[in-house]
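Listed in order, the protein sequences are those of chains G and E. Residues in the first sequence are numbered from 925 upward in steps of one, following my numbering. Residues in the second sequence are numbered from 3 upward in steps of one, following my numbering. From the three backbone atoms N, C-alpha and C, an ideal C-beta is built for every residue, glycine too.
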Amino acid sequence: TFPGMPKWRKTHLTYRIVNYTLDLPKDAVDSAIEKALKVWEEVTPLTFSRLYEGEADIMISFAVREHGDFYPFDGPGKVLAHAYAPGPGINGDAHFDDDEQWTKDTTGTNLFLVAAHELGHTLGLFHSDNTEALMYPVYNPLTDLTRFHLSQDDVNGIQSLYGPHPGYPEKPLVPKETVPPETETPATCDSALSFDAISTLRGEILFFKDRHFWRKSLRKLEPELYLISSFWPSLPSGMDAAYEVTSKDLVFIFKGNQFWAIRGNEVQAGYPRGIHTLGFPPTVRKIDAAISDKEKKKTYFFVEDKYWRFDENSQSMEQGFPRLIADDFPGVKPKVDAVLQAFGFFYFFSGSSQFEFDPNARMVTNILKSNSWLHC
Amino acid sequence: YPLDRAARDEDARMDLVQQYLENYYNLKKDAKQFVRRKDSSPVVKKIQEMQKFLGLEVTGKLDSDTLEVMRKPRCGVPDVGHFN
Chain G
925 TFPGMPKWRK THLTYRIVNY TLDLPKDAVD SAIEKALKVW EEVTPLTFSR
975 LYEGEADIMI SFAVREHGDF YPFDGPGKVL AHAYAPGPGI NGDAHFDDDE
1025 QWTKDTTGTN LFLVAAHELG HTLGLFHSDN TEALMYPVYN PLTDLTRFHL
1075 SQDDVNGIQS LYGPHPGYPE KPLVPKETVP PETETPATCD SALSFDAIST
1125 LRGEILFFKD RHFWRKSLRK LEPELYLISS FWPSLPSGMD AAYEVTSKDL
1175 VFIFKGNQFW AIRGNEVQAG YPRGIHTLGF PPTVRKIDAA ISDKEKKKTY
1225 FFVEDKYWRF DENSQSMEQG FPRLIADDFP GVKPKVDAVL QAFGFFYFFS
1275 GSSQFEFDPN ARMVTNILKS NSWLHC
Chain E
3 YPLDRAARDE DARMDLVQQY LENYYNLKKD AKQFVRRKDS SPVVKKIQEM
53 QKFLGLEVTG KLDSDTLEVM RKPRCGVPDV GHFN
């Protein structure tokens, strides 16, 4: 996605073909653009309708050389087209260099292929370094048009902005009441909301719930809801715990007796691993919550009414543990669902309640609703 | 003549790489005064960034593979940063 992740705040968009190249019959241009829009429609909730006059969200035009946007085209070859990220005015528009020979096949420059790429930009996708991806910047004249499909990289990118198509992948429609609750989108401001796990990630806070997570950036008031699978397809949903070790730029995700390590969008090779490799006794089947204190370089694991402490320097569980949570965090009620460290406090999440704990005063200083971080 | 010819080819290559890096990899135009040398560190770094992004061997040099990809038709949207 573009820096700042610009995206359309609506799922129904309008487009207009402002003018035509003389290289192709008008209906060939119309169908190339329709086909290119359909590529994105099939994997997102987005829908498109065509305008024939006035200002549409996506204005599509053909031009040569200087054409009014300070990014002149350069004659045949080299730059084929360009487009702008979602937004008002010129944003969201796509321009095609009419000094190219636009064709329906690949004897010239295939209009459908380039249009599908440029429309990816108008929806908010940036270039991909995956050479198989439609959003790779260099045009591939050898693409087999009969077998064209988006790469997983393209699908991950667009779904990170808009989520999947309601029926994607094709699933038989089932009546609402039999849809298992975890596949529904969780209600952000439901006062009974509880979390499976919470972690920071490069300055943002991720609140995990079933198959989704809210992404809260300190720069933005509103949290954004995503599918876990749109960022990390191989991670489990309904996880138990998560924490970030900022010094390693890693987030560790726990479910059952396994854990994964992720760096940004990438799940690290060699995972999942068994939690007993960290030093837990066999009696521990899963952990409930975890937090890594970056100052002390200690990671706390909470299991029922006890907790363990792991030394990040020696990479080993410390002696003298487990200890009772009640002894060292008085006022914090087990079982702990998730833990967050912020502003010098520990925030313990248990069901729909959140206990703000002052580690210096060694006492709970405030009790809040769990979803108070989601700007409810 | 041969010397002139080689110098002209080198200049053409330098123009191509400079324009490409400025258009798509945020090579600052104000770096022009020392960008003329292809082994200056801003240019080498940007060549390596471009080679990595485009899936080429990261050599920092204008090898034939790199030049070939740079001459291919492409989208005008930058690969780093975006239209400003």
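Exercise for the section: Kindly indicate which residue of 1259(G), 1088(G) and 985(G) has the alpha-carbon position closest to the one of residue 1035(G). Expected result: Looking up residue 1035(G) in the first sequence gives position 111. When only C-alpha atoms are compared, the closest one is 985(G).
Exercise for the section: Measure from the alpha carbon of residue 972(G) to the alpha carbon of each residue in 934(G), 1284(G), 1146(G) and 1175(G), then state which is nearest. Expected result: Position 48 of the first sequence holds residue 972(G). Of the listed residues, the one whose Cα sits closest to residue 972(G) is 934(G).
Exercise for the section: Express the C-alpha separation of residue 969(G) and residue 37(E) in angstroms, rounding to a whole number. Expected result: The residue given as residue 37(E) occupies position 35 in the second sequence. The residue given as residue 969(G) occupies position 45 in the first sequence. Here residue 37(E) scores only 45 on pLDDT, less than 50, and its place in the model should not be relied on; the value that follows carries that caveat. Rounded to the nearest angstrom, the two C-alpha atoms are 46 Å apart.
Exercise for the section: For the region 947-979 of chain G, list the beta strand (DSSP E) runs that are entirely contained and at least 3 residues long, ordered along the chain. Expected result: 971-974
Handout entry: Helix, strand or coil at residue 1291(G) according to DSSP, with G and I counted as helix
Key = The residue given as residue 1291(G) occupies position 367 in the first sequence. The answer is strand: DSSP assigns residue 1291(G) an E or B state.
Problem - Interface residues of the region 46-69 of chain E facing chain G [CB-CB below 7 Å] - result: 55, 56 and 57
Practice task
Consider the Cβ of residue 76(E): report whether some Cβ of chain G lies at a distance smaller than 8 Å.
Solution key: For the purposes of this step, residue 76(E) is taken as residue 74 along the second sequence, with counting starting at 1. Closer than 8 Å: yes.
Practice task
Say yes only if the C-beta of residue 1238(G) is nearer than 7 Å to one or more non-hydrogen atoms of the ligand NAP, and no if none qualify.
Solution key: Looking at this structure, you won't find the ligand NAP or any other ligand, since it has none at all.
Practice task
Take every Cβ of the region 1213-1225 of chain G, pair it with every Cβ of the region 1169-1181 of chain G, and state whether three or more of those distances are shorter than 8 Å.
Solution key: yes
Practice task
Measure the Cβ-Cβ separation of residue 1119(G) and residue 1261(G) and say whether it is below 8 Å.
Solution key: The residue labelled residue 1119(G) in the question sits at position 195 within the first sequence. The residue labelled residue 1261(G) in the question sits at position 337 within the first sequence. A contact, by the Cβ cut-off of 8 Å.
Problem - Beta carbon proximity, residue 19(E) to chain G, threshold 8 Å - result: Start at 1 with the first residue of the second sequence, and residue 19(E) comes out as number 17. With 8 Å as the cut-off, residue 19(E) does not count as an interface residue toward chain G.
Problem - Beta-carbon proximity list for residue 18(E), same chain, < 8 Å, skipping 5 on both sides - result: Looking up residue 18(E) in the second sequence gives position 16. Excluding positions up to five away in sequence, the list reads 69, 72 and 73.
Exercise for the section: Give a yes or no on whether the C-beta atoms belonging to residue 1032(G) and residue 1059(G) are separated by under 8 Å. Expected result: Residue numbering aside, residue 1032(G) sits at position 108 when the first sequence is read from its first letter. Residue numbering aside, residue 1059(G) sits at position 135 when the first sequence is read from its first letter. No.
Practice task
Within 10 angstroms of the Cβ of residue 81(E), are there 16 or more other Cβ atoms? Answer buried if so, exposed if not.
Solution key: Residue mapping note: residue 81(E) aligns to position 79 of the second sequence, counting from 1. Buried: at least 16 other Cβ atoms inside 10 Å.
Handout entry: Pair within 8 Å by beta-carbon distance, residue 1197(G) and residue 1183(G)
Key = Numbered from its first residue, the first sequence carries residue 1197(G) at position 273. Numbered from its first residue, the first sequence carries residue 1183(G) at position 259. Their beta carbons are under 8 Å apart, which means residue 1197(G) touches residue 1183(G) by this criterion.
Practice task
Examine chain E for any beta-carbon lying closer than 8 Å to the beta-carbon of residue 1007(G), and answer yes or no.
Solution key: Working through the first sequence from its first residue, we reach residue 1007(G) at position 83. For residue 1007(G), the answer is yes, since a Cβ of chain E falls inside 8 Å of its Cβ.
Exercise for the section: Work out the CA separation of residue 1257(G) and residue 1092(G) for me, nearest whole Å. Expected result: By one-based count along the first sequence, residue 1092(G) stands at place 168. By one-based count along the first sequence, residue 1257(G) stands at place 333. Residue confidence is low: residue 1092(G) scores 49 on pLDDT, short of 50, so the model does not pin down where it sits. Its coordinate-derived value is still stated next. Computed Cα separation, rounded: 41 Å.
Practice task
Output the residue ranges of the beta strand (DSSP E) runs that lie fully inside the region 983-1062 of chain G and measure 3 residues or longer, sorted by chain position.
Solution key: 1003-1007 and 1018-1021
Exercise for the section: Give me whichever residues DSSP pairs with residue 1282(G) in a beta bridge. Expected result: As a working note, residue 1282(G) is residue 358 in the first sequence. Its beta-bridge partners are 1287(G).
Practice task
Would you tell me roughly how many angstroms separate the C-alpha atoms of residue 1279(G) and residue 1273(G), rounded to the nearest one?
Solution key: For the purposes of this step, residue 1279(G) is identified with residue 355 of the first sequence, where counting begins at 1. For the purposes of this step, residue 1273(G) is identified with residue 349 of the first sequence, where counting begins at 1. Spanning the two alpha carbons is a distance of roughly 6 Å.
Problem - Backbone CA spacing between residue 1324(G) and residue 960(G) [nearest angstrom] - result: Because chain G spans 925 through 1300 in this model, residue 1324(G) falls outside it and cannot be assessed.
Practice task
Would you mind telling me which residues of chain E sit closer than 9 Å to residue 1308(G), beta carbon to beta carbon, in chain order?
Solution key: The structure shown has nothing for residue 1308(G), since chain G only spans 925 to 1300.
Exercise for the section: Determine the chain E residues that contact residue 1053(G) at a beta-carbon separation under 9 Å, and present them in chain order. Expected result: In the first sequence, the residue the question calls residue 1053(G) occupies position 129. Under the 9 Å cutoff, chain E gives 54, 55, 56, 57 and 81.
Practice task
Find the nearest neighbour of residue 1136(G) within the set 1157(G), 974(G), 1287(G) and 1161(G), judged by alpha-carbon distance.
Solution key: For the purposes of this step, residue 1136(G) is taken as the residue at position 212 of the first sequence. Selected option, being the one with the closest Cα: 1161(G).
Practice task
Compile a chain-ordered list of the residues in the region 1022-1042 of chain G whose CB is closer than 9 Å to at least one CB of chain E.
Solution key: 1024, 1033, 1038, 1041 and 1042
Exercise for the section: Report yes if the C-beta distance between residue 1253(G) and residue 1281(G) is below 8 Å; otherwise report no. Expected result: For the purposes of this step, residue 1253(G) is taken as residue 329 along the first sequence, with counting starting at 1. For the purposes of this step, residue 1281(G) is taken as residue 357 along the first sequence, with counting starting at 1. In this structure, residue 1281(G) lies closer than 8 Å to residue 1253(G) by Cβ.
Handout entry: Neighbourhood of residue 1236(G) by C-beta, 8 Å cutoff - its chain only, sequence neighbours within 5 removed
Key = Locating residue 1236(G) in the first sequence gives position 312, counting from the first residue. The residues are 1169, 1171, 1216, 1221, 1222 and 1223.
Practice task
Run the CB neighbour count on residue 1115(G), radius 10 Å, all protein chains shown included, and call it buried at 16 or more, exposed below.
Solution key: Against the first sequence, residue 1115(G) aligns to sequence position 191. When all chains shown are included, residue 1115(G) counts as exposed.
Problem - Neighbour-count burial assignment, residue 930(G), 16 or more Cβ in a 10 Å radius - result: Against the first sequence, residue 930(G) aligns to sequence position 6. Under this definition residue 930(G) is a buried residue.
Practice task
Might you give, ordered along the chain, the residues of its own chain that have their beta carbon closer than 6 Å to the beta carbon of residue 983(G), omitting 5 neighbours on each side?
Solution key: The residue labelled residue 983(G) in the question sits at position 59 within the first sequence. Closer than 6 Å at the Cβ level, and outside the excluded window around residue 983(G), lie 940, 942 and 1017.
Exercise for the section: Could you name the residues of chain E that residue 1004(G) contacts, counting a contact when the two beta carbons are closer than 9 Å? Expected result: Here residue 1004(G) refers to the residue found at position 80 of the first sequence. Going along chain E in sequence order, the residues near residue 1004(G) (Cβ under 9 Å) are 75, 76, 77 and 78.
Practice task
Please determine if the region 1066-1080 of chain G and the region 1043-1052 of chain G are in contact, where contact requires at least 3 C-beta pairs separated by less than 8 Å.
Solution key: yes
Problem - Straight-line gap, residue 51(E) to residue 925(G) (C-alpha atoms, nearest Å) - result: Taking the first residue of the second sequence as position 1, residue 51(E) is located at position 49. Taking the first residue of the first sequence as position 1, residue 925(G) is located at position 1. One C-alpha to the other measures close to 18 Å.
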